[in-house]
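Each residue of the sequence shown is one higher than the last, beginning at 1 in my numbering.
To keep things clear, I will list the structure first and then write my remarks on it.
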Amino acid sequence: MKKKNSGLTAAGQTLPAILPGDIYTDNRGEHVTVQKVTDSRITFIRDGYTGECVSSVLRFEKEFKPAVKQTFSEWCRATDTAGKIKNLRAIIAAKRAEK
Numbered sequence: 001m002k003k004k005n006s007g008l009t010a011a012g013q014t015l016p017a018i019l020p021g022d023i024y025t026d027n028r029g030e031h032v033t034v035q036k037v038t039d040s041r042i043t044f045i046r047d048g049y050t051g052e053c054v055s056s057v058l059r060f061e062k063e064f065k066p067a068v069k070q071t072f073s074e075w076c077r078a079t080d081t082a083g084k085i086k087n088l089r090a091i092i093a094a095k096r097a098e099k
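Printed below as a string of structure tokens:
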């Protein structure tokens with residue numbers, strides 16, 4: 001019996017499915033958030049912009065990589081939360097003293 005070659009063999013790393021709400025980064029480190037996904041197009045919005053951008057799936061996969069997700073403890077170490085809380089409390093206290 002002859003074996004058929006369907007051409008559907010797995011090769012290399014699989015890419016994760018692109019879903020609405022996913023965050024990706026471009027080569028400059030700018031974040032984009034996926035809004036809509038269709039078979040041939042991906043609609044996304046860049047951080048700091050209000051307009052939507054549209055790209056083909058192949059171009060999007062080529063130009064963007066999934067953003068590295070941090071745990072809460074990693075985020076706390078990278079961000080000076082205690083200093084920010086002190087600054088906010090000082091601002092609130094100053095506003096209350098003005099009244």
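Ideal Cβ positions, reconstructed from N, Cα and C, are used throughout, including at glycine.
Rounded to whole angstroms, what's the CA-CA distance from Arg59 to Asp26? Just pull it up for me.
-> Translated into the one-based positions of the sequence shown, residue 59 becomes position 59. Translated into the one-based positions of the sequence shown, residue 26 becomes position 26. Cα to Cα, Arg59 sits roughly 12 Å from Asp26.
Compute the Euclidean distance between the alpha carbons of Pro16 and Ala94, then round it to the nearest angstrom.
-> Indexing the sequence shown from 1 puts residue 16 at position 16. Indexing the sequence shown from 1 puts residue 94 at position 94. If I take the Cα positions, the gap works out to 49 Å.
Alpha-carbon to alpha-carbon, Glu98 and Val68 = Along the sequence shown, read from residue 1 onward, the residue named residue 68 stands at position 68. Along the sequence shown, read from residue 1 onward, the residue named residue 98 stands at position 98. About 43 Å.
Have a look at Ile18 and Arg89 and give me their C-alpha separation to the nearest angstrom.
-> Here residue 18 refers to the residue found at position 18 of the sequence shown. Here residue 89 refers to the residue found at position 89 of the sequence shown. Going by the C-alpha atoms only, they are around 41 Å apart.
Report the rounded CA-to-CA distance for Tyr49 versus Ile42, giving the unit in angstroms.
-> Here residue 49 refers to the residue found at position 49 of the sequence shown. Here residue 42 refers to the residue found at position 42 of the sequence shown. Tyr49 and Ile42: Cα-Cα distance of roughly 17 Å.
Identity of the residue in Glu61, Ile23, Asp47, Glu30 nearest Ser40 by Cα = Position 40 of the sequence shown, counted from the start, is the residue given in the question as residue 40. Closest by alpha carbon: Glu61.
Opposing strand residues paired with Arg100 [DSSP bridges] | Lying outside 1 to 99, the shown extent of the chain, residue 100 is not represented and no answer is given.
In the structure shown, what three-state DSSP assignment does Glu52 receive?
-> Position 52 of the sequence shown, counting from 1, holds the residue named residue 52. Strand at Glu52.
Got a sec, what are the start and stop residues for the beta strand (DSSP E) Thr43 sits in?
-> In the sequence shown, counting from the first residue as 1, residue 43 sits at position 43. Residues 41-46.
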